[in-house]
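Asker:
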Ligand SMILES: CC(C)(COP(=O)(O)OP(=O)(O)OC[C@H]1O[C@@H](n2cnc3c(N)ncnc32)[C@H](O)[C@@H]1OP(=O)(O)O)[C@@H](O)C(=O)NCCC(=O)NCCS
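Okay, here's the thing in structure tokens:
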């Protein structure tokens, strides 16, 4: 989960927390209702486009988003507004730690940022996984927005956030920045 390009300035004014029920609707910047739910088959394509167009994430193959959105829909989320996917969470439960959810990527379209879209997707994800006790992710040191997102999530859940080595820079074959691993636990339900 790299990304040194986020500024430390919020792109907009956050709105009060909204319900995270899967079919709940919340106004967005464009006044279109926002729906947060697991992706439907084929929406991996829109997730891939969002990751590509943002230009900030490590872009995986389109195939990876399609497979994850289909086979791992329960641990992924999309935010849909005006019929378009404006945000996504890509995640899975590591087989060795089935009570953990690993958040691989989070993205929100630039015109929707600062409105708690990412926060609401993480809330909806965890609320839909009652068996999950902890959240994991890796975040580069330079990705302030992502670090703040997970710190706020942990704080709002009354959980501890701890760090371990994660994926070291020397383990990457391509000069990638280190990806320290965070653990948020225990998860309380809203
Ligand atoms: C990171 C990202 C998903 C955040 O989405 P968002 O919908 O704007 O985030 P939210 O509005 O839900 O904010 C949640 C928390 O993170 C903080 N935050 C989010 N973006 C921030 C930024 N650029 N700078 C500082 N804090 C930020 C918010 O202030 C909020 O914390 P608070 O409750 O203490 O105020 C979005 O900026 C993005 O898509 N970035 C590019 C992709 C990326 O880097 N993804 C993460 C790594 S995979």
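Numbering (my numbering), first residue to last: 12 to 201. C-beta: ideal position from N, C-alpha, C; glycine also. Predicted model only: the values in this text are computed from it and were never measured.
Compute the distance between the beta-carbons of residue 70 and residue 118, then report whether it is under 7 Å.
Answerer: no
Asker: Helix, strand or coil, according to DSSP, for residue 86 in the structure here?
Answerer: helix
Asker: Nearest to residue 115 by alpha carbon, out of 200, 197, 193 and 199?
Answerer: 193
Asker: Are the beta-carbon atoms of residue 164 and residue 133 separated by less than 7 Å?
Answerer: yes
Asker: Would you kindly work out how many angstroms separate the C-alpha atoms of residue 176 and residue 155, rounded to a whole number?
Answerer: 18 Å
Asker: What residue does the beta strand (DSSP E) around residue 155 start on, and which one ends it?
Answerer: First-last for residue 155: 155 to 168, but that is the alpha helix (DSSP H), not the beta strand (DSSP E).
Asker: Measure the alpha-carbon distance for residue 63 versus residue 81 and round it to whole angstroms.
Answerer: 19 Å
Asker: Checking the sheet assignment: what are the DSSP bridge partners for residue 78?
Answerer: Bridge partners of residue 78: none, in fact.
Asker: Just checking residue 155 against ligand 1 - is the residue's beta carbon closer than 6 Å to any of the ligand's heavy atoms?
Answerer: yes
Asker: Helix, strand or coil, according to DSSP, for residue 45 in the structure here?
Answerer: When DSSP states are grouped into helix, strand and coil, residue 45 belongs to the strand group.
Asker: Indicate, with yes or no, if ligand 1 has a heavy atom lying under 6 Å from the CB of residue 202.
Answerer: Residue numbering for the chain in the displayed model covers 12 to 201; residue 202 lies beyond these limits and cannot be assessed.
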